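Below you'll find the structure, written out as structure tokens, and then a few comments.
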Amino acid sequence: MRITLGALLIGTLVLSSCGGWRESRVNPGNWFGQSREARAEPIVDESLNPLIPQENKERANLLGRRDEPEDRSLPIAKIMDLRIERTPVGAIVTVVGEAARNGAYDASLVPAETQDAGRLEYTFRVTYPKSATYSGTAATRTIRAAVSLSNQDLAGVRVIRVVGAENARESRR
């Protein structure tokens, strides 16, 4: 009885001490920690005047071809969550955002230019319908997007940052 009780106590102590591995910097699952909200500069397109109507781009040009469709995507209103999940060949960056109104579609993480080689920056962009839609609840405006990164893409990267219209989130190694 004493040996069984002693083995049970020692086993309990050993297993309870393993909880520190989860928060350890050696654990590869923790290489990118929890994301934190970061400041983002407002994105304003000064070339557009909302009071002047834009000319119709749907017309054909002189040769009868239609021009390339314009990019109507905008940065999502708010970045809610940023998660980086390790995979055997790299990582998957998953972002959850909240759109300004219902009906947002074609969500994508667009790479942004940075001067720092140790930083990957993306802009979370969505396209809204041309017609007006209701604002709706936060649950109906929630949008998810993800991008897969290879080990070569992650080489030397210390920070992954995703920018929206109102805020940004980043995760550090």
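Just add 996 to the spot in the sequence shown (first one is 1) and you have my numbering.
For every residue, glycine included, the Cβ atom is placed at its ideal position computed from N, Cα and C.
Note that this is a predicted model, so its numbers are computed, not measured.
Burial state of residue i, where buried means 16 or more other Cβ atoms lie within 10 Å
{"i": "residue 1031", "result": "buried"}
{"i": "residue 1071", "result": "buried"}
{"i": "residue 1068", "result": "exposed"}
{"i": "residue 1066", "result": "exposed"}
{"i": "residue 1134", "result": "exposed"}
{"i": "residue 1095", "result": "buried"}
{"i": "residue 1146", "result": "exposed"}
{"i": "residue 1064", "result": "exposed"}
{"i": "residue 1158", "result": "buried"}
Euclidean distance between Cα positions of residue i and residue j
{"i": "residue 1037", "j": "residue 1160", "result": "9 Å"}
{"i": "residue 1074", "j": "residue 1028", "result": "21 Å"}
{"i": "residue 1131", "j": "residue 1125", "result": "13 Å"}
{"i": "residue 1107", "j": "residue 1167", "result": "16 Å"}
{"i": "residue 1002", "j": "residue 1080", "result": "42 Å"}
{"i": "residue 1162", "j": "residue 1102", "result": "19 Å"}
{"i": "residue 1154", "j": "residue 1008", "result": "37 Å"}
{"i": "residue 1112", "j": "residue 1128", "result": "40 Å"}
{"i": "residue 1169", "j": "residue 1086", "result": "14 Å"}
{"i": "residue 1082", "j": "residue 999", "result": "42 Å"}
{"i": "residue 1136", "j": "residue 997", "result": "60 Å"}
Residue from the options whose Cα sits closest to the Cα of residue i
{"i": "residue 1164", "options": "1034, 1002, 1006", "result": "1034"}
{"i": "residue 1122", "options": "1108, 1107, 1136, 1099", "result": "1099"}
{"i": "residue 1084", "options": "1103, 1144, 1009, 1003", "result": "1144"}
{"i": "residue 1110", "options": "1151, 1156, 1129", "result": "1156"}
{"i": "residue 1104", "options": "1120, 1149, 1128", "result": "1120"}
Counterpart residues of residue i in DSSP-defined beta bridges
{"i": "residue 1138", "result": "1094"}
{"i": "residue 1107", "result": "1118"}
{"i": "residue 1144", "result": "1088"}
{"i": "residue 1077", "result": "1092"}
{"i": "residue 1032", "result": "1166"}
{"i": "residue 1065", "result": "Note: residue 1065 sits in no beta bridge, so no partner."}
{"i": "residue 1157", "result": "1117, 1166"}
{"i": "residue 1071", "result": "1121"}
Contact test: residue i Cβ vs the ligand MN heavy atom, cutoff 6 Å
{"i": "residue 1001", "result": "Within the structure as shown, the ligand MN is missing, as the structure has no ligands at all."}
Practice problem: Would you check if the stretch 1083-1090 and the stretch 1139-1148 touch, i.e. whether three or more CB-CB distances between them fall below 8 Å? | Solution: yes
Quiz item: Between the stretch 1097-1116 and the stretch 1075-1086, do three or more beta carbon pairs fall short of 8 Å?
Solution: no
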